[in-house]
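Below: one structure, written as C-alpha cells.
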Amino acid sequence: MRAAYSDLGRRVEREGVLSLDEVAALVENPDEEREWALTRSLIEELRAADTVLLGAPMYNFTVSTGLKAWIDRITFPGAYVDAGTGEKLLRDTRVVVVAARGGGYGPGTPREHFDFQIPYLRAYFGNLGVAEDNLRIIAAELTRVDDIPALNGLQPLAAESLARAEAAVDAIAAAV
1 MRAAYSDLGR RVEREGVLSL DEVAALVENP DEEREWALTR SLIEELRAAD
51 TVLLGAPMYN FTVSTGLKAW IDRITFPGAY VDAGTGEKLL RDTRVVVVAA
101 RGGGYGPGTP REHFDFQIPY LRAYFGNLGV AEDNLRIIAA ELTRVDDIPA
151 LNGLQPLAAE SLARAEAAVD AIAAAV
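Below, the structure is given as C-alpha cells:
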C-alpha cells in the first residue's frame, strides 16, 4: 500500500462514516484516485457478495501474506456501515474459510495456543459486521504429515481431519 492510500484513509477517519461516493469526493490527487479505484472495487465486490469463500493456508501460525494484503486493502473506515443508518452491511453475508494447517493446532492439541489464524479471522470478520452464525471456518489439520519428520505416524489423524473438513465443505455446498 502506498502513502496515498493512508492519507486518504486518515481524511476519511476524520470525517466519520461516509458513503463510497463521499469518500471518492475526498480524493485529492491521481495517486489517491488510483488507490481508491482499486480499494473501492474490492469493497464493492465484498459488499455485493452473498457468500465469500476464502482459502487460508496457515503460515507461521497465522494467515498468509496474500490474504493479509487483501484484508488490509478492503479494511477501510466506514466501508461496511450504512452511512445513513449505521447498519452493518455485511451482517447477512456468509463467509466460509477453508484453512489448511501443516501441523495440529485445533482445540485440545498441545499447540492450540499457537493458533493465531482462526481467532484472527473470527475477530476480523466479526469486527467487519459479519454475524457470528454466518461465519464458518473449516480447518484441515496435519496437512504436512508426510514431509515433516516430527509428524511421522500421525497420518491416520491427518486423514481423519481431512475427511471431517471435506464433509463440512460438502454439507455447506449441499445447503446452498
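First residue of the sequence shown? That's 1 in the UniProt record's numbering, and the numbers climb one at a time after it. The C-beta atom is built at its ideal place from N, Cα and C for all residues, glycine as well. None of these values were measured; they are calculated from a predicted model.
Best match in the options for proximity to residue i [C-alpha to C-alpha]
| i | options | result |
| --- | --- | --- |
| R34 | F114, E13, S19 and D7 | D7 |
| L67 | I118, L90 and A83 | I118 |
| L89 | S161, G16, R10 and G78 | G78 |
| G84 | L154, S161 and E22 | E22 |
| D82 | G16, Y105 and A150 | G16 |
| W36 | A150, A48, L20 and S64 | L20 |
| A150 | G103, E28 and A163 | G103 |
| A171 | S161, L128, N60 and I138 | I138 |
Sheet register partners of residue i (DSSP bridge)
| i | result |
| --- | --- |
| I137 | V97 |
| T62 | Y59 |
| V81 | K88 |
| T109 | Note: T109 sits in no beta bridge, so no partner. |
C-beta atoms of residue i and residue j nearer than 7 angstroms
| i | j | result |
| --- | --- | --- |
| A100 | A140 | yes |
| A69 | D31 | no |
| Y105 | D115 | yes |
| V12 | L53 | no |
| L42 | I71 | no |
| G129 | Y80 | yes |
Where residue i falls: helix, strand or coil (DSSP)
| i | result |
| --- | --- |
| A56 | strand |
| T39 | helix |
Element boundaries [alpha helix (DSSP H), containing residue i]
| i | result |
| --- | --- |
| F125 | I118 to L128 |
| A163 | Q155 to A175 |
| R14 | A3 to E15 |
| E22 | L20 to A25 |
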